[in-house]
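Colleague:
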Ligand SMILES: [Zn+2]
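In this note's numbering, the protein residues as written are 1 to 204.
#1: Quick one: which unbroken beta strand (DSSP E) runs of 3-plus residues sit fully inside the segment 67 to 140? Chain order, please.
#2: When every heavy atom of ligand 1 is checked, does at least one fall within less than 6 Å of the C-beta of residue 214?
#3: Would you report the Cα separation of residue 11 and residue 111, rounded to the nearest angstrom?
#4: So the alpha helix (DSSP H) residue 11 belongs to, where does it begin and stop?
#5: Work out the CA separation of residue 148 and residue 73 for me, nearest whole Å.
#6: Alpha carbon to alpha carbon, what distance is there between residue 28 and residue 141?
#7: In the structure shown, what three-state DSSP assignment does residue 50 receive?
#8: Is the CB-CB distance between residue 173 and residue 83 below 7 Å?
#9: Count the other CB atoms within 10 Å of the CB of residue 68; is the residue buried (16 or more) or exposed (fewer)?
#10: Could you check whether residue 107 and residue 132 sit closer than 7 Å to each other, using their CB atoms as the reference points?
#11: Buried or exposed: which applies to residue 26, given that a residue is buried once 16 or more other Cβ atoms fall within 10 Å of its Cβ?
#12: Give me the residue from 14, 23, 5 with the minimum Cα distance to residue 144.
#13: Please report how far the alpha carbon of residue 154 lies from the alpha carbon of residue 87, in whole angstroms.
#14: Taking just the CA atoms, how far does residue 171 sit from residue 202?
#15: Determine the direct distance from the alpha carbon of residue 130 to that of residue 41, and round the result to whole angstroms.
#16: Tell me the DSSP bridge mates of residue 23?
#17: How is the alpha helix (DSSP H) around residue 6 delimited, first residue to last?
#18: Would DSSP call residue 146 helix, strand or coil?
#19: Answer yes or no: the CB of residue 74 versus the heavy atoms of ligand 1, is any distance below 6 Å?
#20: When the Cα atoms are used, what is the spatial distance from residue 117 to residue 157?
#21: Would you tell me roughly how many angstroms separate the C-alpha atoms of residue 79 and residue 91, rounded to the nearest one?
#22: Could you pull the DSSP bridge partners for residue 171 from this structure?
Printed below as a string of structure tokens:
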């Protein structure tokens, strides 16, 4: 059974928006751990990491000295956690291209956003966020290395690891394949469907 991650009750109704991450895998004590990083946003020289079962707190990526995490985002700055209003905007921004410039793998998802929130024309930025539902390609291919071997995990195991580690549903998109350029449209449709998108409580 999925041990669901709950965001705090007292925050009211969080907003929901879409984003993409780079995904990779490493071995921790011989067990696979999936790593999620922002595609664009950096913390110092490193891509901004998202951690399972930890509420994301926005930072100022311009490192403005007076932009405290407790006060982000600011209107005129790149501060805060960013997401887009629909999967279509993700595709238009180039995030549904299945593979990054360094051949890194991407995944997609809906996130809950709360705290200080600024709504733009195609997206939202917020002070706090946590993923609500992940979507992965059926041909997602990740490997990790232990002292002895290199291990490749199949997509259904990856789905279960994501679901268990993050405490949210993960959908393997039915028709999405990296080499099929029409998959963009299919992915967008599939992510917009209520039965795969989950209801507003994130249930399947
Ligand atoms: Zn800032």
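Virtual Cβ for every residue (Gly too), placed ideally from N, Cα, C.
The structure presented is a predicted model; accordingly, all values stated were derived computationally and were not measured.
Modeller: Looking at the coordinates:
#1: 81 to 84, 105 to 119, 123 to 136
#2: With the chain covering only 1 through 204, there is no way to say anything about residue 214.
#3: Along the chain shown, one-based indexing puts residue 11 at 11. Along the chain shown, one-based indexing puts residue 111 at 111. Answer to the nearest angstrom: the Cα atoms are 15 Å apart.
#4: Mapped onto the chain shown, residue 11 falls at position 11. Premise fails: residue 11 is in no alpha helix (DSSP H) and is neither H nor E.
#5: In the chain shown, the residue the question calls residue 73 occupies position 73. In the chain shown, the residue the question calls residue 148 occupies position 148. The alpha-carbon atoms of residue 73 and residue 148 are separated by roughly 45 Å.
#6: The residue you call residue 141 lines up with position 141 of the chain shown. The residue you call residue 28 lines up with position 28 of the chain shown. Whole-angstrom Cα-Cα distance: 19 Å.
#7: Position 50 of the chain shown, counted from the start, is the residue given in the question as residue 50. Note: residue 50 maps to strand in three-state DSSP.
#8: Here residue 173 is taken as the residue at index 173 of the chain shown, counted from 1. Here residue 83 is taken as the residue at index 83 of the chain shown, counted from 1. No.
#9: Taking the first residue of the chain shown as position 1, residue 68 is located at position 68. Result: exposed.
#10: The residue you call residue 132 lines up with position 132 of the chain shown. The residue you call residue 107 lines up with position 107 of the chain shown. Result no, Cβ atoms of residue 132 and residue 107 do not sit closer than 7 Å.
#11: Counting from 1 along the chain shown, the entry for residue 26 is found at position 26. Counting Cβ neighbours within 10 Å, residue 26 comes out exposed, since fewer than 16 surround it.
#12: Walking along the chain shown from the start, residue 144 turns up at place 144. The shortest Cα separation from residue 144 among 14, 23, 5 belongs to 23.
#13: Within the chain shown, residue 154 is the residue found at index 154, counting from 1. Within the chain shown, residue 87 is the residue found at index 87, counting from 1. Those two C-alpha atoms are separated by around 25 Å.
#14: Counting from 1 along the chain shown, the entry for residue 202 is found at position 202. Counting from 1 along the chain shown, the entry for residue 171 is found at position 171. Residue confidence for residue 202 is low, a pLDDT of 40 falling below 50, so the modelled location carries little weight; the figure read from the coordinates is stated next. Between residue 202 and residue 171, the alpha-carbon positions lie close to 12 Å from each other.
#15: Locating residue 41 in the chain shown gives position 41, where the first residue counts as 1. Locating residue 130 in the chain shown gives position 130, where the first residue counts as 1. Approximately 16 Å, taken between the alpha carbons.
#16: The residue given as residue 23 occupies position 23 in the chain shown. In DSSP, residue 23 forms a bridge with 36, 105.
#17: Residue mapping note: residue 6 aligns to position 6 of the chain shown, counting from 1. No alpha helix (DSSP H) holds residue 6; DSSP gives it neither H nor E.
#18: For the purposes of this step, residue 146 is identified with residue 146 of the chain shown, where counting begins at 1. Of the three classes helix, strand and coil, the one that applies to residue 146 here is coil, per DSSP.
#19: On the chain shown, residue 74 is found 74 positions in, with the first residue counted as 1. Yes, Cβ of residue 74 sits closer than 6 Å to a heavy atom of ligand 1.
#20: For this step, residue 117 is matched to residue 117 along the chain shown. For this step, residue 157 is matched to residue 157 along the chain shown. Between residue 117 and residue 157, the C-alpha separation is close to 35 Å.
#21: Counting from 1 along the chain shown, the entry for residue 79 is found at position 79. Counting from 1 along the chain shown, the entry for residue 91 is found at position 91. Approximately 23 Å, taken between the alpha carbons.
#22: If you number the chain shown from 1, residue 171 lands on position 171. Paired residue(s): 135.
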